[in-house]
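**Student:**
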Amino acid sequence: MTMKSVSLILILFLSFCLHAQNATTTKLQFWRGELGMNDRLEIPFLFSLEKNGKKYKMTILNGEEKINLRCTQKKDSITALFPGIDAYLKFKIDGNEMRGYWLNLNKKKLQKIPLHASVNQKLRFEWSTKEDPVDVRKKYSLVFDDDTEKNICVGLFKVEQGIIQGTIMTETGDYRFLDGNVNGNSFKMSTFNGTWAMLVEGQIIGDSIVGYFYSGSSYRTGWRGKADDNAMLRKESSLTYVLNDQAVNFFSVRSLNGKPYRSTQNSNTKLYQIMGSWCPNCLDEMVFFKELHKEFANDGLEIIAFAYENQLEISSALSKLKKFAKRMEIPYTICYAGSASKEVASATFPMLNQIMSFPTSILVDKNGKIRHVHTGFSGPATGKVYEEYKEEMRGIIKTLLAE
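Take 1 as the starting number for the sequence shown in our numbering and just add one per residue.
1) Suppose you measure from the CA of residue 385 to the CA of residue 378; what does that come to, to the nearest Å?
2) Which residue wins for smallest C-alpha separation from residue 102, given the options 361, 169, 331 and 195?
3) State the Cα-Cα distance for the pair residue 106 and residue 86, rounded to the nearest angstrom.
4) For residue 191, which of 207, 153 and 168 has the nearest alpha-carbon?
5) In this structure, how does DSSP classify residue 84 when only helix, strand and coil are distinguished?
6) Less than 6 Å between C-beta atoms, sequence neighbours within five positions excluded: which residues of the same chain meet that for residue 21?
7) Straight-line CA distance for residue 137 to residue 312?
8) Based on Cα-Cα distance, which residue from 188, 354, 225 and 200 lies nearest to residue 240?
9) Taking CB distances under 9 Å as the criterion, tell me whether residue 201 reaches chain D.
10) What is the rounded straight-line gap between the Cα of residue 148 and the Cα of residue 221?
11) Less than 9 Å separating the beta-carbons of residue 274 and residue 358?
12) Roughly how many whole angstroms lie between the Cα atoms of residue 383 and residue 276?
13) My output table needs one value for residue 174: the three-state DSSP class, helix, strand or coil.
14) How many angstroms separate the CA atom of residue 54 from the CA atom of residue 183?
15) Can you tell me whether residue 157 is helix, strand or coil according to DSSP?
16) Starting from the N-terminal side, write out each stretch of the alpha helix (DSSP H) that is 4 residues or longer and does not extend beyond the segment 329-382.
17) With a threshold of 8 Å on Cβ separation, who are the neighbours of residue 116 within its own chain once the five nearest residues in sequence on each side are excluded?
18) List the DSSP bridge partners of residue 186.
19) Shortest alpha-carbon distance to residue 118 belongs to which of 128, 30, 127 and 315?
20) Tell me the residue span of the alpha helix (DSSP H) that contains residue 129.
21) Going by the DSSP bridge assignment, what does residue 69 pair with across the sheet?
22) Tell me, please, whether the segment 283-293 touches the segment 327-334 by the rule of three or more beta-carbon pairs shorter than 8 Å.
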């Protein structure tokens, strides 16, 4: 073998090794994105982007919450799909910058929001001058300015090394995982999950707290409150309760095959879930209900989800729900119950005074009598509150199954 042949073989070998190394190289970067909600409001969020060869993996970071998006690539355009919901990001990367859109199909009309992001940034919010953070209490009693009834909401916060995390609990559900930064007596927090983008701005003044809340492209309201270790929402028994003995109105309820839903005539304990595939709190609740199904289905618990959707056409709503049930791997019955309206939901359940929240859950005993109604949902972001709720629900279900 000539020296020239050896050199050629060596070059080919090194080229192959280099190609194999590049194909398997994993590159992880942290980004800060901004959603241009309108010409005066940008809501930031953090995410990581991992490139393994030619494949991308994107993870939205909301404090303790991590949302993994499935990425596909066509030429220089990347599409990142949110799990379980009809929403995605579509963008292009140019060096250290990213530009594209957040497309939200969970609304009655497509929402298309501009997206810009920069690499190697790990802070959601920065101030021009930095100050040592003041003491932020763990629990606050809050009131929102646009709430004419001035019902109490509960703020749950924790601060560590200038980073503030927490949530706000309302009677219809919590704001999920808020994450941000504190500077002096000011703080900012945001969250983004594909269905909603929220921004909370606040100031601490002694034991008092004041600020503004932004949601979506147009909603803005003020809020205020005081530190209160005993802050709590109104009792559930005063929100949604039984008025009479009317039966569930199944007239407009459809199975996913489009046929009228037929209620099972058995003596099972039933758990009705009033929800929508567009509702993040409903998805949090659904994760827990899948646990309940696994634990108690063989003992006689039957779970039925009544979905109220934004699509005007029944065929479109059914098509969406079929895909949703498959993506979420829902092991129990889900049916289409009508448009996403509390009035429509209330008409399905005429025995109750009202349906004031998506989600709402109803426990029915073996004799068909409603034994418990739970309005709203305080999910994983509420910590101890969530754990106490799960313990309470399991206890009630065990009691009903044993009767």
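A virtual CB, placed ideally from N, CA and C, is assigned to each residue, including glycine.
Note that the coordinates shown come from a computational prediction; the quantities given were computed from them, not determined experimentally.
**Tutor:** Working from what's here:
1) 7 Å
2) 195
3) 6 Å
4) 168
5) coil
6) Residue placement at residue 21 cannot be trusted, given a pLDDT of 49 that sits under 50; what the coordinates show is reported in the next sentence. Hits under 6 Å: none found.
7) 45 Å
8) 354
9) No chain D appears in the structure shown, which is made up of a single protein chain.
10) 12 Å
11) yes
12) 24 Å
13) strand
14) 40 Å
15) strand
16) 342-348
17) 33, 34, 36, 97, 98 and 99
18) 183 and 203
19) 30
20) Premise fails: residue 129 is in no alpha helix (DSSP H) and is neither H nor E.
21) 58
22) yes
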